[in-house]
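Protein chains in written order, with the numbering used here: chain A, 139 to 352; chain B, 139 to 352.
All C-beta atoms in this analysis are idealised placements derived from N, C-alpha and C, irrespective of residue type, glycine included.
Written out below as structure tokens is the structure these notes cover.
Protein chains: 2
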Amino acid sequence: MIVFTAMNEATTRDPDLTRSRILQAGFELFVDKGFAAVSMRELAQRSGVTKSLIHHHFGTKEGLWDAVKEAAFSRYYEGQKDELEGADAPDSNLLRNGVIRYFRFLQENPQVVRLFTWMHLENDSTCSEMDAELVALGARRVREAQEAGLLRADVNPTHVVTIFIHACSQWFEVRPQHKNWEGIGSDDEYLEDFMKIFMDGLAPGAAGPETDSN
Amino acid sequence: MIVFTAMNEATTRDPDLTRSRILQAGFELFVDKGFAAVSMRELAQRSGVTKSLIHHHFGTKEGLWDAVKEAAFSRYYEGQKDELEGADAPDSNLLRNGVIRYFRFLQENPQVVRLFTWMHLENDSTCSEMDAELVALGARRVREAQEAGLLRADVNPTHVVTIFIHACSQWFEVRPQHKNWEGIGSDDEYLEDFMKIFMDGLAPGAAGPETDSN
DNA sequence: TCATTGATTGACCGACCGGTCAATTCGAGT
DNA sequence: ACTCGAATTGACCGGTCGGTCAATCAATGA
């Protein structure tokens, strides 16, 4: 009986909701200020629970930090993996669409970019493991396109993926600052220019005559 | 008299040396762990002086942080500015050489990359102001090259500079991690591949026939 | 209905935080 | 030789830190 446990709000106990509220508060604060600059008392206040309750659910401050990273990363990871495995036939627009989707994802999840940057700075290994798999997946698709003659073959596929990841993520990492940069455009204008250069530079036979070569 | 004040080492007082020792310790620790995670006691121990002495020379922890950033950034800024203002005739290798020099600078000063990343995350304005000037300087040179017909003219010069800055700095920002990335190459191999794609993508007339255009 | 279990609370702990201050110690000008 | 100011020290401050603990409180199964 009492199947309708969902009817109560805030009046009764709901450990799952509590957990997720703490997680959300942790996500917001850690993304904003970084792990070291956030206090347990701050986390408690933001999530509307007691400090002890956070310890009850997550053990230590590091425990909560790990849970926050885990949750954010698994969301990111699943989304990206689905997109990468979605298409199967290599066509000339596959890379273009992949870049655009990646750019859009970061655009809609700027907090994730900040979180990953904090993780990178503290040499978090979780980050690198999952990243490695995604990059490998993307690199495989680039190699397929190269073998199909759709992309120039004289560049390392992993580097191709790395370059576009860098160009996208760094854009959002420093975006709060470059609004004062002289002549800089909007997200979309940047993406458009990047795509022009990147795609043309990757076209087969792009090693044109004006290169002084080696 | 007593002109040879340099003969004494550690025996006598040397406020300048003390200052620079504290600055160095601050640089190392802040780069490594970020501002919030470093304690005054840690800084004192690392620099071999008393905690009170740090307060005497720099006022507060923030004061030292500012001094560290100031010192690092002015070194970076002067170096980059010299290079950008050095050459004056726009030639086809100007951008290529500029990118390479920027890449080499980051390669030799990986700590600076970390420092700037910490600054970005805490929305430090010092960063953006000086960055803005450097980017504007670089963008001007790109525009000159465009007007001379050496680079494609249908892309925003500021975006061109932004893209290569991102591709270089993000590479070193995440470098500790991507050693496990499948198939990734060395610094130089990455730079080489990036230059291929970037320079060919920027060549005039790069908007080739295979683009489905718009 | 009642015992059990886990959610939740507030009081409390020792450690450490950044910062201050009065007291010393040196170096340099006179 | 004396003085004055800066460099340097260690003791000390109030406050905050992350974490613990015993005690309540509410749901749940027997």
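* Residue burial classification, A:K334 (beta-carbon count within 10 angstroms, cutoff 16) -> buried
* To do: Would you mind telling me which residues of chain A sit closer than 7 angstroms to B:H304, beta carbon to beta carbon, in chain order?
  => H304, A305, Q308, W309
* Asked: Where does A:A291 land, buried or exposed, given buried means 16+ other C-beta within 10 angstroms?
  -> exposed
* To do: Using alpha carbons as the reference points, say which of B:K317, B:R213, B:G343, B:L329 lies closest to A:A270.
  => B:K317
* To do: Report yes or no: is there a C-beta of chain A within less than 8 angstroms of the C-beta of B:F165?
  => no
* Is it the case that the Cβ atoms of B:L96 and B:G164 are separated by a distance below 8 angstroms? -> Nothing about residue 96 of chain B can be reported from this structure: the residues present for chain B run from 139 to 352 only.
* To do: Measuring alpha carbon to alpha carbon, tell me which of A:E246, A:R278, A:T264 ends up nearest A:D326.
  => A:E246
* Is the Cβ of B:S351 closer than 8 angstroms to any Cβ of chain A? -> Confidence is the limiting factor: at B:S351 the pLDDT is only 38, short of 50, which leaves the residue's position unreliable and the question unanswerable from this model.
* To do: Flag this pair as touching only if the segment 216-223 of chain B and the segment 196-206 of chain B have three or more C-beta atom pairs under 8 angstroms; answer yes or no.
  => no
* Mind reading off the beta-carbon distance from B:L289 to B:L233? Whole number of angstroms is fine, and I expect it under 8 angstroms. => 7 angstroms
* Tell me whether A:D338 sits in a helix, a strand or coil according to DSSP, three-state version. => helix
* Asked: Using a Cβ-Cβ cut-off of 8 angstroms (strictly less than) and excluding sequence neighbours within five positions of A:A305, which residues of its own chain qualify?
  -> F332, F336
* For B:W256, which residues in chain A fall below 8 angstroms Cβ to Cβ? -> L259
* To do: Compare the beta carbon distance of A:G339 and B:T296 with 8 angstroms and say whether it is the shorter of the two.
  => no
* Asked: In chain A, which residues lie with their C-beta within 8 angstroms of the C-beta of B:D320?
  -> Residue identity check: residue 320 of chain B is Glu in the sequence provided, not Asp. Going along chain A in sequence order, the residues near B:E320 (Cβ under 8 angstroms) are A270, V273, A274, A277, T296.
* Asked: alpha helix (DSSP H) containing A:T156: first to last residue?
  -> 153-171
* Asked: To the nearest whole angstrom, what separates the beta carbons of B:E311 and A:H258, a pair I think is in contact under 8 angstroms?
  -> 6 angstroms
* Taking only beta-carbon positions, decide if B:I238 is within less than 8 angstroms of chain A. => no
* Limits of the alpha helix (DSSP H) - the one that A:I301 falls within -> 295-311
* Do the segment 235-254 of chain B and the segment 207-216 of chain B touch if we need at least three Cβ pairs shorter than 8 angstroms? -> yes
* B:G287: buried (16+ other C-beta within 10 angstroms of its C-beta) or exposed? -> exposed
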